[in-house]
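Quick note, the sequence shown lines up with residues 1 to 293 if you use UniProt numbering.
Before any comments, here is the structure.
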Amino acid sequence: MVTFFLQHIKFEKRLSHHTVTAYENDLKQFSAFLLFQYELEKPEKADFQMIRSWIVALVEEQIENRSINRKIATLRTFYNFLLRHKAIITDPMLKIKALKTDKTLPKYVEEKPMENLLDGMEFSDDFSGLRDKLVIELLYGTGMRLSELIGLKITDLNLYNNILTVLGKRNKHRLIPVNRTLVEVIKKYLALRTDIIDDTTNTYLILTDNGTQAYPMFIQRLVKKYLSLVTSLEQRSPHILRHTFATHLLNRGADLNAIKDLLGHSSLAATQVYTHNSIEKLKKVYQQAHPKA
1 MVTFFLQHIK FEKRLSHHTV TAYENDLKQF SAFLLFQYEL EKPEKADFQM
51 IRSWIVALVE EQIENRSINR KIATLRTFYN FLLRHKAIIT DPMLKIKALK
101 TDKTLPKYVE EKPMENLLDG MEFSDDFSGL RDKLVIELLY GTGMRLSELI
151 GLKITDLNLY NNILTVLGKR NKHRLIPVNR TLVEVIKKYL ALRTDIIDDT
201 TNTYLILTDN GTQAYPMFIQ RLVKKYLSLV TSLEQRSPHI LRHTFATHLL
251 NRGADLNAIK DLLGHSSLAA TQVYTHNSIE KLKKVYQQAH PKA
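Below, the structure is given as structure tokens:
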């Protein structure tokens, strides 16, 4: 049933490759635990006590509660699938509750460091340098996800109207406006890309030095390299630039619903987390400026 479930979320639900892989890994870990601890080969036969004992084992391994909750969510989705397909009679996840987690605000890079990186730093004029600058500009200038950046194709660009089309989660398309500076970087990159890349069948926008489609680790290393030059944040990932995009927009008065649409969030609740950063910033300004503070 695990195989059927994975096919269901991949082909019917059309979840992203990253999400499907995470679900698959969680179910593999759970299945291995059941086999070792209870000699149970089929996870659909597991009961509440077995699932609870796995969660306890994860806690004892000092895995973060947030990560454990993601695994709990995987099992919840899996057993709900089994219940709907009448593979089980009762849902063993009904009594399982998520673990408490500390609410952490999204980390982001301040405006001045980002300005120093994009406007003050000299990127090389060769293909690699222009590609690197484009990656940073795209992630910060559009707030797109890592997977969306990697999947971006030349045909998704509408440079005449300064718009690009992004394929997001659940195969949903959304339009994102791009600024003139970013458009100029794209044009320079495309001109150089045409000169050095012989493979006309490769339509992906961001390529490695070898002319192949960029992959997650490649982009992660690239982003970490450049963010390390301007920030001391412990996490220097593509997702930090997504947080930075949203926070900077909100700090400058952008409408929350507009940010939601730009990020491709399905609900406003996911976007509202950025308001806390803005409120904290307002508190600091108040404390420093108001005579009665």
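Heads up, the beta-carbon is just placed ideally off N, CA and C, and yes, glycines get one too.
Asked, Found
"Give me the Cα-Cα distance between residue 294 and E148, rounded to the nearest whole angstrom.", "The structure shown does not extend to residue 294, since the chain spans only 1 to 293, so no value can be given for it."
"Would you decide whether T3 is buried or exposed? Buried here means 16 or more other CB atoms lie within 10 Å of its CB.", "exposed"
"For M114, is the classification buried or exposed, using 16 other Cβ atoms within 10 angstroms of its Cβ as the cut-off for buried?", "buried"
"So, with DSSP's three-state summary, where would you put I89?", "coil"
"Using DSSP bridges, identify the partner residues of K153.", "Y204"
"Does the pairing of the stretch 32-42 with the stretch 65-74 give three or more beta-carbon distances under 8 Å?", "no"
"Going along the chain, which unbroken runs of the alpha helix (DSSP H) with 4 or more residues stay wholly within the stretch 125-150?", "127-142"
"Strictly by DSSP, which residues pair up with R174?", "V166"
"Among the candidates T155, V56, K172 and R221, whose CA atom is the shortest distance from the CA of T201?", "T155"
"Do L159 and V183 have their beta-carbon atoms positioned less than 7 Å apart in this structure?", "yes"
"Check each candidate in G129, E234 and Y274 and name the one with the smallest Cα separation from R252.", "Y274"
"Would you report the Cα separation of I51 and L94, rounded to the nearest angstrom?", "11 Å"
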